[in-house]
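What follows is a set of notes on a single structure, which appears directly below.
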Amino acid sequence: MELPKLNFQETFDFKFKKDKDKFFIYDLVRKTYLLLTPEEWVRQHWIHYYLTVKSYSVSALITEKKIVLNGLTKRIDLLVTEKAQPKILIECKAPQIKLTEKTFEQTARYNSIIGASEIVLTNGLQHINAYYEDGEYQFYRAE
70 MELPKLNFQE
80 TFDFKFKKDK
90 DKFFIYDLVR
100 KTYLLLTPEE
110 WVRQHWIHYY
120 LTVKSYSVSA
130 LITEKKIVLN
140 GLTKRIDLLV
150 TEKAQPKILI
160 ECKAPQIKLT
170 EKTFEQTARY
180 NSIIGASEIV
190 LTNGLQHINA
200 YYEDGEYQFY
210 RAE
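Position in the sequence shown (first residue = 1) + 69 = this note's numbering.
See the structure below:
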């Protein structure tokens, strides 16, 4: 399987397996193999980034959490918590998906339920970072 090189300085030690003609990647948070989709490839980079580079514990990361937004059940991609409080909401898109104002607004709507102080919208190649302060998002460039 040909996977795109994503925009991370680090290289991570992923575990893969193949079953018939499908590829799977090991998720350190859920402790199981998941179907390797383009979006999952992006999410796993972020999981490894927060575990290895930022030294968060596995228990601080929440994946695929259900939320209810306008009566519809949605799932967030990744939430980083600190002392059990939402800190960073990460919305992952496949690398070929363009990050637009509309996709950012989707992430902001999810965060209206979650209440994280920071959000990251990413397709693995481009990352949009914003802090939520005084009722609005302040964009910034991460190091």
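Quick reminder that beta carbons are idealized off the backbone N, C-alpha and C, glycines included. Only a predicted model underlies this, so the values are computations on that prediction, with no experimental measurement involved.
- Taking 8 Å as the cut-off, the Cβ atoms of Phe85 and Phe92 count as close.
- DSSP lists no bridge partner for Tyr118.
- Between the stretch 164-173 and the stretch 126-142 there are fewer than three inter-stretch CB-CB distances shorter than 8 Å, so the stretches are not counted as touching.
- Minimum Cα-Cα distance from Leu72 among the listed residues Phe173, Leu148, Gln113 and Thr176 corresponds to Gln113.
- DSSP places Ile197 within a strand segment (E or B) once states are collapsed to three.
- When secondary structure is reduced to three states using DSSP, Val137 falls in the strand class.
- In terms of CA proximity to Lys156, Asn198 leads the group Gln175, Asn198 and Thr142.
- Within its own chain, the residues whose Cβ lies closer than 7 Å to the Cβ of Phe173, once the five positions on either side in sequence are excluded, are Leu190 and Ile197, listed in chain order.
- Counting only residues of its own chain and dropping the five nearest sequence neighbours on each side, Ser186 has a CB closer than 7 Å to the CB of Lys156, Tyr200 and Tyr201.
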